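Each residue of the sequence shown is one higher than the one before, starting from -19 at the first, in my numbering. Comments concern the structure below.
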Amino acid sequence: MAEISFDEFLKVDVRVGTVLRAEPYPEARTPAIKLWIDFGDEIGEKKTSAQITAHYQPETLVGKQVMAVVNFPPRQIGKFMSEVLVLGLPDASGEIRLIGPDGQVPLGGRMH
């Protein structure tokens, strides 16, 4: 893996947000969930889709704090425009578990 400088790392803007709304995304090629996430006053509400159906149902995601890269350009995912990239890690089966703080933190907080 190539090394990057600390300045390059700082260009990736990872923030915490709270899921406001979540809906199934049956039109996606791979089963996914659409998410609307509030990142606070500075960034506002952004939307994305995530292939997280193995561990999450839409109704269990509302109110959950998640980490996301907020400074990627928007990306068309089928008929849905994704504005951020939520972060997760694969479990032993390769299914994604979302990354978030282990306690409530203010919206929009930047990862250090």
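For every residue, glycine included, the Cβ atom is placed at its ideal position computed from N, Cα and C. This structure is a prediction, so every number in the text was calculated from the model and none was measured.
Please name the residue in V64, G74, Q31 and R77 whose C-alpha comes closest to that of Y5. Taking the sequence shown and counting its residues from 1, one reaches residue 5 at position 25. Checking every option, the nearest Cα to that of Y5 belongs to Q31.
Measure from the alpha carbon of A8 to the alpha carbon of each residue in G58, V42, P53 and E(-12), then state which is nearest. If you number the sequence shown from 1, residue 8 lands on position 28. Residue G58 is the option with its Cα nearest to A8.
Simplified DSSP assignment, three categories, for E25: Sequence index remark: in the sequence shown, residue 25 carries index 45 (1-based). In the structure shown, E25 sits in a strand (DSSP, three-state: E or B).
Three-way DSSP call (helix, strand, coil) for T105 in this model: For the chain, the structure presents residues -19 to 92; residue 105 sits outside this window and is missing.
State buried or exposed for A2, treating a residue as buried only when at least 16 other CB atoms are found within 10 Å of its CB. For this step, residue 2 is matched to residue 22 along the sequence shown. A2 counts as buried, since at least 16 other C-beta atoms from the protein chains shown sit within 10 angstroms of its C-beta.
Bridge partners - L78, DSSP secondary structure assignment: Here residue 78 corresponds to residue number 98 of the sequence shown, with the count starting at 1. The partner list for L78 (beta bridge, DSSP) reads G68.
For M47, the nearest candidate out of Y36, L87, D(-13) and S(-15) (CA to CA): Here residue 47 refers to the residue found at position 67 of the sequence shown. With distances taken between Cα atoms, M47 lies closest to L87.
Are S29 and I17 closer than 8 Å when you measure CB to CB? What you label residue 29 is simply residue 49 of the sequence shown in a count that begins at 1. What you label residue 17 is simply residue 37 of the sequence shown in a count that begins at 1. Cβ distance not < 8 Å, so S29 and I17 don't count as in contact.
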